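Numbering (the numbering used here), first residue to last: 5 to 346.
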């Protein structure tokens, strides 16, 4: 489908209106009017883009203000903002490649944080035997905070099973958890009780629940300072400063939208057939039913259906946002309850 306006709770296709349950705008920020007004105001102050290196002799105050505030928000020492979530992941993995001996990736991890020479973390449901050898080495383990086709946060208890001769850097992609899970929507980082030798680095897109087109890398001060001295960071243009200022001024809007989203999820949980794998803390439902897309389309509802790089079949992904109305949810739930869950 090709449409001419941003999709919110509804979309217009060739003059016909459909309810829309797709995308990743979990908090509905991209079409939230007060949020848009703030962004427009900040564009007037900071311009539409700042195409200069962060290491230039002219430095914009909003970068430091944002990175300090976001570090406090997510619970880390330091943050680096970059132009996209994909760049955040690529910068981190390229930097770690210089010092790490081995890389491992959790199943279904986003390609942005998978090194070309990465080993699968699990083989036949068990931790890779390579992790149990006697070699003392620095390793990197990458994983999504919430995996594709999952509705609960990744369980990181496996970290305690890895021998102490492995010094671990854990790279977590919070793109789909930030703004939704954790205290104040700060993600799952604070919930990961990793052993002391585990260095934790967060990468994330801000373009999903947070509604702003840039990325972040978060971690300890030494790591972020080293990353900021990398040629790829220095030679890249900084994040649009208007986006950073808008985040700083939108705490109340984010809070209000999270309340709306939680209310919607509570309603869905109370009324949806329990045969569906649905988590009332997370605004996504997946189905393997290949006929689901067409069934919903016939009822004037559109969900996401596409081929994801780490999934063999087409993904049927139903997304609930803070902007959906109760009548929207009732119609969807009624149709889903008439079908069988997968």
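Cβ atoms here follow ideal geometry from the backbone N, Cα and C, with glycine treated the same way.
None of these values were measured; they are calculated from a predicted model.
Would the beta-carbon of residue 67 fall within 9 Å of that of residue 287?
-> If you number the chain shown from 1, residue 67 lands on position 63. If you number the chain shown from 1, residue 287 lands on position 283. In this structure, residue 287 does not lie closer than 9 Å to residue 67 by Cβ.
In angstroms with no decimal places, state the Cα-to-Cα distance between residue 214 and residue 36.
-> The residue you call residue 214 lines up with position 210 of the chain shown. The residue you call residue 36 lines up with position 32 of the chain shown. Distance between the alpha carbons of residue 214 and residue 36 is about 11 Å.
Of the residues 247, 62, 107, which one's Cα is nearest the Cα of residue 51?
-> One-based indexing of the chain shown puts residue 51 at position 47. When the alpha-carbon of residue 51 is set against those of 247, 62, 107, the nearest one is in 247.
Tell me the start and end of each unbroken alpha helix (DSSP H) in the region 160–248 that is at least 4 residues and wholly inside, in chain order.
-> 225–232, 235–238
Same chain, Cβ closer than 7 Å to residue 70, five either side skipped, listed in chain order = Counting from 1 along the chain shown, the entry for residue 70 is found at position 66. If we look at residue 70 and ignore the five residues flanking it on each side, its Cβ neighbours are 85, 248, 251, 252.
Look up residue 290 in the DSSP assignment and say whether it is helix, strand or coil.
-> Reading the chain shown from its first residue, position 286 is the one you call residue 290. Looking at residue 290 - three-state DSSP - the assignment turns out to be strand.
For residue 156, which residues of its own chain have a beta-carbon under 6 Å away from its beta-carbon, when the five flanking residues on both sides are left out?
-> Against the chain shown, residue 156 aligns to sequence position 152. Within the same chain, residue 156 has close Cβ partners 283.
Can you give me the Cβ contacts of residue 136 inside the same chain, cut-off strictly under 7 Å, excluding the 5 residues immediately before and after it?
-> Counting from 1 along the chain shown, the entry for residue 136 is found at position 132. The residues are 167.
Please determine, among 12, 40, 11, the residue with the shortest C-alpha to C-alpha distance to residue 216.
-> Locating residue 216 in the chain shown gives position 212, where the first residue counts as 1. Checked all of 12, 40, 11; the closest Cα to residue 216 is 40.
Using only alpha-carbon positions, find the residue among 281, 152, 33, 270 that is nearest to residue 317.
-> Sequence index remark: in the chain shown, residue 317 carries index 313 (1-based). Ranking the options by Cα distance to residue 317, first place goes to 152.
Do the region 165–183 and the region 89–107 touch if we need at least three Cβ pairs shorter than 8 Å?
-> yes
Might you give, ordered along the chain, the residues of its own chain that have their beta carbon closer than 8 Å to the beta carbon of residue 280, omitting 5 neighbours on each side?
-> Working through the chain shown from its first residue, we reach residue 280 at position 276. Here the set comprises 289, 291, 340, 345.
So does the region 251–270 actually touch the region 183–196, counting three or more Cβ pairs closer than 8 Å?
-> yes
Look at residue 326 and residue 31 and say whether their C-beta atoms are less than 9 Å apart.
-> The residue given as residue 326 occupies position 322 in the chain shown. The residue given as residue 31 occupies position 27 in the chain shown. Result yes, Cβ atoms of residue 326 and residue 31 sit closer than 9 Å.
Taking 9 Å as the cut-off, decide whether the C-beta atoms of residue 272 and residue 342 are in contact.
-> Taking the first residue of the chain shown as 1, we reach residue 272 at position 268. Taking the first residue of the chain shown as 1, we reach residue 342 at position 338. Result no, Cβ atoms of residue 272 and residue 342 do not sit closer than 9 Å.
If we ignore side chains and look at the alpha-carbon of each, how far apart do residue 33 and residue 227 end up?
-> Your numbering for residue 33 matches position 29 in the chain shown. Your numbering for residue 227 matches position 223 in the chain shown. Taking the straight line from one Cα to the other gives about 31 Å.
Check residue 151 in the structure and name its three-state DSSP category.
-> Within the chain shown, the letter at position 147 stands for residue 151. Residue 151: coil per DSSP, three-state reduction.
Alpha carbon to alpha carbon, how far is residue 150 from residue 324? Give it in angstroms, no decimals.
-> As a working mapping, residue 324 is identified with position 320 in the chain shown. As a working mapping, residue 150 is identified with position 146 in the chain shown. Cα to Cα, the separation comes out at about 16 Å.
In angstroms with no decimal places, state the Cα-to-Cα distance between residue 6 and residue 112.
-> As a working mapping, residue 6 is identified with position 2 in the chain shown. As a working mapping, residue 112 is identified with position 108 in the chain shown. Straight-line Cα distance between these residues: approximately 29 Å.
Buried or exposed (CB count within 10 angstroms, at least 16 for buried), residue 148 = Mapped onto the chain shown, residue 148 falls at position 144. With 16 or more Cβ atoms within 10 Å of its Cβ, residue 148 is classed as buried.
If you draw a straight line from the alpha carbon of residue 206 to that of residue 93, how long is it in whole angstroms?
-> Sequence index remark: in the chain shown, residue 206 carries index 202 (1-based). Sequence index remark: in the chain shown, residue 93 carries index 89 (1-based). Between residue 206 and residue 93, the alpha-carbon positions lie close to 9 Å from each other.
First and last residue of the uninterrupted beta strand (DSSP E) at residue 261 | Here residue 261 is taken as the residue at index 257 of the chain shown, counted from 1. Annotation for residue 261: no beta strand (DSSP E) segment contains it, though the alpha helix (DSSP H) segment containing it runs 255–275.
DSSP three-state call for residue 10: helix, strand or coil?
-> Position 6 of the chain shown, counted from the first residue, corresponds to residue 10. Of the three classes helix, strand and coil, the one that applies to residue 10 here is coil, per DSSP.
For residue 123, which option in 234, 139, 140, 105 has the closest C-alpha, if you only look at C-alpha atoms?
-> Residue numbering aside, residue 123 sits at position 119 when the chain shown is read from its first letter. Here the closest residue by C-alpha is 105.
Enumerate in chain order the residues of its own chain whose CB-to-CB distance from residue 270 is below 8 Å, with the five nearest sequence positions on each side excluded.
-> Residue 270 sits at position 266 when you count from the first residue of the chain shown. Correct list, in chain order: 284.
Does the Cβ of residue 274 have 16 or more other Cβ atoms within 10 Å, making it buried, or fewer, making it exposed?
-> Residue 274 sits at position 270 when you count from the first residue of the chain shown. Counting Cβ neighbours within 10 Å, residue 274 comes out exposed, since fewer than 16 surround it.
Sorted by chain position, which residues of the same chain lie with C-beta nearer than 6 Å to residue 203's C-beta, five sequence neighbours on each side aside?
-> Locating residue 203 in the chain shown gives position 199, where the first residue counts as 1. Here the set comprises 173.
Using DSSP with H/G/I as helix, E/B as strand and the rest coil, what is residue 83?
-> For this step, residue 83 is matched to residue 79 along the chain shown. Three-state DSSP puts residue 83 in a strand.
If we count Cβ pairs, one from each stretch, closer than 8 Å, do we get three or more for the region 305–312 versus the region 21–29?
-> yes
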